[in-house]
Amino acid sequence: MSTNLTLRRDGLPRSDQREPADPGAAVYWTDCTGADRCMAVDRYTKTAGNLAALAATLEAMRAIERHGGAEILDRVFTGFTALPRRARPRAPSRGGGAGRAAGCAWSDVEAAYRRRRA
Numbered sequence: 001m002s003t004n005l006t007l008r009r010d011g012l013p014r015s016d017q018r019e020p021a022d023p024g025a026a027v028y029w030t031d032c033t034g035a036d037r038c039m040a041v042d043r044y045t046k047t048a049g050n051l052a053a054l055a056a057t058l059e060a061m062r063a064i065e066r067h068g069g070a071e072i073l074d075r076v077f078t079g080f081t082a083l084p085r086r087a088r089p090r091a092p093s094r095g096g097g098a099g100r101a102a103g104c105a106w107s108d109v110e111a112a113y114r115r116r117r118a
C-alpha cells in the first residue's frame with residue numbers, strides 16, 4: 001500500500017500528522033498468475049477516504065469471485081495491470097497534437113468542427 005502518510009515503526013500511520021497535500025492511495029500486489037497489479041484512488045480529499053474506497057472496491061471484487069463471476073473478475077483485474085517501467089521517456093510524436101494531423105492549422109480544425117456541427 002502506498003500513501004503520503006508518515007508511518008510508525010509498526011507500519012501504521014502516525015496520528016499526529018496533518019493530511020498530506022496529495023491524499024491519494026494505491027495498493028500493489030502480485031496475483032496468482034504472477035502478474036503485477038496496481039489500483040489507485042484519489043477521489044476523496046482525505047487519505048482515509050481513499051483507503052476506504054480501495055478496501056470497498058477490493059471487497060466488491062471478492063464478492064464477484066465468491067458468487068461465481070471468476071471470468072468477469074479476471075477481466076476486471078486486467079484493468080489494474082501495473083504499467084511497465086520505461087528506461088527513458090518516450091519521444092514526443094511528430095503529429096500536430098490535440099488529435100490533429102501534422103501540418104494542419106487550427107483554422108482548418110475550427111472549419112471542420114463548424115461543418116460537422118452544422
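Throughout the sequence shown, residue numbering follows the UniProt record's numbering, covering 1 to 118 in sequence.
Every residue, glycine too, gets a C-beta built ideally from N, C-alpha and C.
- Task: Quick one: grab the DSSP three-state call for Arg37.
- Result: strand
Which of helix, strand or coil does DSSP assign to Thr57? helix
Practice task
Alpha carbon to alpha carbon, how far is Ser107 from Val76? Give it in angstroms, no decimals.
Solution key: 42 angstroms
ask   = With a CB to CB cut of under 6 angstroms and the five nearest residues on each side skipped, what residues in its chain are close to Thr30?
value = Asp36
* To do: For Lys46, collect the residues of the same chain with a Cβ closer than 8 angstroms to its Cβ; drop the 5 residues on either side in sequence, then sort them by chain order.
  => So the list reads Glu19 and Pro23, once near-sequence residues are dropped.
According to the neighbour-count rule (16 or more other Cβ atoms, all chains shown, within 10 Å of its Cβ), is Ala25 buried or exposed? By the 10 Å Cβ count, Ala25 comes out buried.
Next item on the list: Starting from the C-beta of Gly34, find all residues in its chain whose C-beta is less than 7 angstroms away, skip the five residues before and the five after it, and write them out in chain order.
Entry: none
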